[in-house]
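**Student:**
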Amino acid sequence: MKSSNKNVFASKMGAILAAAGSAVGLGNVWRFPTETGANGGAAFILIYVLFMLLLGVPIMVTEFAIGRHGGQDVSGAFEKMSGGRKGWRWMGLIPVVSGFLVLSYYAVVAGWTLYYAFEALMDGFVGKTAEQFKTDFATFSSDSLHPVFWTTLIIALTCGIVALGVQRGIERGSKIMMPLLFLFILVLVGCSLSLPKAHLGLQFLFQPDFSKVDSSVILSAMGQAFFSLSVGLGCLCTYACYFRKEVDLMKDGLSVASIDTLVALLSGLIIFPAVYSIPDLSPDAGPSLVFVTLPNVFQQVFGGMPWLAYIFSLVFYLLLVMAALTSSISMLEMSAAYFHTTFRLPRPLAAVMVSVVCVVLSIFCSWSFGDWQDVHIFGLNFFDLFDFLVAKFIMPIGGMLMCVFLGWVVDEKVLRAELTNNGTIKSPLYPIFRFIIRYFAPLCIFLIFANELGLFAF
Ligand code: PHE
C-alpha cells in the first residue's frame, strides 16, 4: 500500500515539480485577476503579496516538514510528527473533505478552459467581435449540459492520470510545460501592454487606493494567497510524504512561492491592460473576465496574421489546461489517497469513487451560472459557496491548525532536524520561521476571523 503510493512521485525533482504543478494553475491565471478585479486592484495585490510571504510560505514549509517527516499518508504523518500520539490522526481528514469540495468547482473552470482549447482548435475565435466573445461565454456557461460535458471530461482525465499513476507523466510534462507556459505568458504580457488603453490597466494594478480596503478585502487577499499556493488543506503535505531527505524545504518553499506569485502578477499584466481596451468590460466582471479578455487579446494583436492567432491561442489554452490538470490531480490525490491507504481500496477504484461524487457536485456548481443561479445557501450560489468554504474558511483554519501543531505540539528538536536535514544544511531563516508558525500566523489568522465575525474590529 505504502509502496504503491511511493510510486506517485518517486524522484526528488518530480516531487518539487509536482508541488509547483499543484500551485501554478487556474488560481494564478483565472482566480487572481478575478479577485483583484473584484477587490479594487493594487491595494489588494499588496496585501496578497504580504500574505504570501508571511503566511503562505511558512505554511507551505510547515506542510513539507510534516509530510516528509511522516513519509507515509497524511494521517500517519501527523501521528508520527506528534511523537506517536494517535489523537492527531484526525488532521488527515481535512484533505479528504477539501479534496471533494475544491475539485468540484475547480473542474468547472478547468472544463471551460478545455472547451476554449477546443474552440481554438476549431478556429472558433476568428473574426469575432468583443461583444460576441461576451455573449458567447454567457451562453456557453449558462447552458445546462454543454459545460457539464467539459467538466466531466476534465474530471475523467484527472481520474485517469491519478488511477494509472502520475510519476513519469507529471515529471516530464511539468519540465516542458512550465517553462513553455511562462514563455507564452511573457509574450502575451507584451501584446497586452501594446493595446491602446493599457496604461489604465497598469494604473489599476499598481496605484493602490487604500480607501477600498475593508475586512472582506483582507479575507479575500488571504484566501487568494492560500488558494494560489495550495496551502492549508494538506495537499502539499500529501506530496511531501514522497520528498527525499536531501531536499532543502525552506529553499524549495521559497522557489515554489516565487514562481507562483510571478505567474499571478504576470497574468494580471495580461488581463487588466486588455480589459480597458474592450468596450463595456470592467475589471470586476467576475469569473468570465479571463474568458472574455483572452480571446480578444489574441484577435486584436494577431488579427492581421490569422495563422499566428490560431497557433498562439491553441497552444496557450492547451498549456492552461495542463496547468489546471496538474492542480486538479493534486486535489483528487488528496481524497483518493485517503481511501486507498485507509480502506485499502485499489488506487483506481478509490480515484473513480471520488471522481463520481465530484462530477455530481460539479453539476450543481456549473448550474450556478445558469438554471440554478438563484439557488442560494447563506446568500451564495453553489459555486461561490464551495469557493468561499475552501479558500476563505478551510484553508486559513487548516493552515492555522498546522502552525499550532508544528509550533507547539511537535518537539523543537524534531522540527529543527527536519528543516536543517539533520544538521547537514544551514537554515538561516529558521528562527523567523519558528516565530511565524508559533505566534504570528496563528494570531494573524485568528484576528482576521474574529474581525470578520464581528467579535473584534481593526
Ligand atoms: N493552487 C492551485 C491553483 O492555483 C489550486 C489548488 C488549490 C490546488 C488547492 C490544490 C489545492 O490553481
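Take 576 as the starting number for the sequence shown in the numbering used here and just add one per residue. Cβ atoms here follow ideal geometry from the backbone N, Cα and C, with glycine treated the same way. Keep in mind it's a predicted model, so treat the numbers as computed, not measured.
What first and last residue would you give for the alpha helix (DSSP H) that runs through residue 737?
**Tutor:** Start and end: 721–739.
**Student:** Determine the burial state of residue 582: buried for a count of at least 16 other Cβ atoms within 10 Å of its Cβ, exposed for fewer.
**Tutor:** The predicted position of residue 582 is uncertain, since its pLDDT is 46 and thus under 50; a value taken from the coordinates is nonetheless stated next. Answer is exposed; the Cβ neighbour count stays below 16.
**Student:** From residue 988 to residue 806, what does the alpha carbon distance come to, in whole angstroms?
**Tutor:** Between residue 988 and residue 806, the C-alpha separation is close to 24 Å.
**Student:** Would you list the residues whose beta-carbon is nearer than 6 Å to any heavy atom of the ligand PHE, in the order they occur in the chain?
**Tutor:** The answer, residue by residue, is 597, 598, 600, 601, 602, 603, 677, 802, 803, 805, 808, 810, 902, 905, 906.
**Student:** Buried or exposed: where does residue 594 fall if 16 or more other Cβ atoms within 10 Å of its Cβ makes it buried?
**Tutor:** Under this definition residue 594 is a buried residue.
**Student:** Taking contact to mean at least 3 C-beta pairs separated by less than 8 Å, is the segment 635–646 in contact with the segment 807–821?
**Tutor:** With a cut-off of 8 Å, the segment 807–821 and the segment 635–646 count as touching, because enough Cβ pairs lie within range.
**Student:** Per DSSP, what are the beta-bridge partners of residue 969 in this structure?
**Tutor:** In the DSSP output, where bridge partners are listed per residue, residue 969 has none listed.
**Student:** Specify, as a first and last residue, the run of the alpha helix (DSSP H) that residue 910 falls within.
**Tutor:** Its alpha helix (DSSP H) spans residues 881–917.
**Student:** Distance, Cα to Cα, residue 1005 vs residue 991?
**Tutor:** Between residue 1005 and residue 991, the C-alpha separation is close to 8 Å.
**Student:** With 16 as the cutoff for other CB atoms within 10 Å, does residue 942 come out buried or exposed?
**Tutor:** With 16 or more Cβ atoms within 10 Å of its Cβ, residue 942 is classed as buried.
**Student:** Would you decide whether residue 851 is buried or exposed? Buried here means 16 or more other CB atoms lie within 10 Å of its CB.
**Tutor:** So residue 851 counts as buried.
**Student:** Report the three-state DSSP secondary structure of residue 955 (helix, strand or coil).
**Tutor:** Strand.
**Student:** If you measure from the beta carbon of residue 829 to each beta carbon in chain B, is any gap under 7 Å?
**Tutor:** The structure shown contains no chain B, having only a single protein chain.
**Student:** Which residues mark the beginning and the end of the alpha helix (DSSP H) in which residue 940 is found?
**Tutor:** First-last of the alpha helix (DSSP H) with residue 940: 922–942.
**Student:** Mapping the DSSP letters down to three states, classify residue 986 as helix, strand or coil.
**Tutor:** Here residue 986 sits in coil by DSSP.
**Student:** Given this structure, state the Cα-to-Cα distance separating residue 721 from residue 950, to the nearest angstrom.
**Tutor:** The straight-line gap from Cα to Cα measures roughly 20 Å.
**Student:** Check whether the segment 828–837 and the segment 672–679 touch, using three or more Cβ-Cβ pairs below 8 Å as the test.
**Tutor:** No, because fewer than three Cβ pairs between the segment 828–837 and the segment 672–679 fall closer than 8 Å, the two stretches do not touch.
**Student:** Do the CB positions of residue 869 and residue 877 come within less than 7 Å of each other?
**Tutor:** No, these two residues do not count as a Cβ contact at 7 Å.
**Student:** State the CB to CB distance for the pair residue 1000 and residue 733, rounded to an integer number of angstroms; the pair is presumed to be in contact (CB under 8 Å).
**Tutor:** About 35 Å; that fails the 8 Å criterion.
**Student:** At what residue ranges does the segment 801–849 contain a whole run of the alpha helix (DSSP H), taking only runs of 4 or more?
**Tutor:** Segments of the alpha helix (DSSP H) lying fully in the segment 801–849: 810–815.
**Student:** Give the single residue among 751, 617, 679, 911 whose Cα lies nearest to the Cα of residue 739.
**Tutor:** When each option's Cα is compared against that of residue 739, the closest is 911.
**Student:** Closest to residue 704 by C-alpha separation, out of 628, 986, 1029, 872, would be which residue?
**Tutor:** The residue with the shortest Cα to Cα distance from residue 704 is 872.
**Student:** Would you report the Cα separation of residue 719 and residue 866, rounded to the nearest angstrom?
**Tutor:** The straight-line gap from Cα to Cα measures roughly 19 Å.
**Student:** Whose CA, out of 976, 854, 966, lies closest to the CA of residue 708?
**Tutor:** That would be 854, whose Cα lies nearest to the Cα of residue 708.
**Student:** Counting C-beta neighbours from all protein chains within 10 Å, is the total for residue 774 16 or more, i.e. buried, or is it exposed?
**Tutor:** Result: exposed.
**Student:** In chain order, what residues of the same chain lie with their CB nearer than 6 Å to the CB of residue 957, ignoring the 5 residues before and after it?
**Tutor:** If we look at residue 957 and ignore the five residues flanking it on each side, its Cβ neighbours are 939, 940, 943.
**Student:** Please report how far the alpha carbon of residue 608 lies from the alpha carbon of residue 1023, in whole angstroms.
**Tutor:** Distance between the alpha carbons of residue 608 and residue 1023 is about 23 Å.
**Student:** Grab me the residues of residue 664's own chain with a C-beta within less than 7 Å of its C-beta, minus the 5 sequence neighbours each way, in chain order.
**Tutor:** Excluding residues within five positions, the ones whose Cβ falls inside 7 Å are 650, 653, 654.
**Student:** Helix, strand or coil for residue 1022 per DSSP?
**Tutor:** In the structure shown, residue 1022 sits in a helix (DSSP, three-state: H, G or I).
**Student:** Assuming residue 894 and residue 755 are in contact, meaning their beta carbons sit under 8 Å apart, how far apart are those beta carbons, in whole angstroms?
**Tutor:** The Cβ separation is near 6 Å, so the contact holds.
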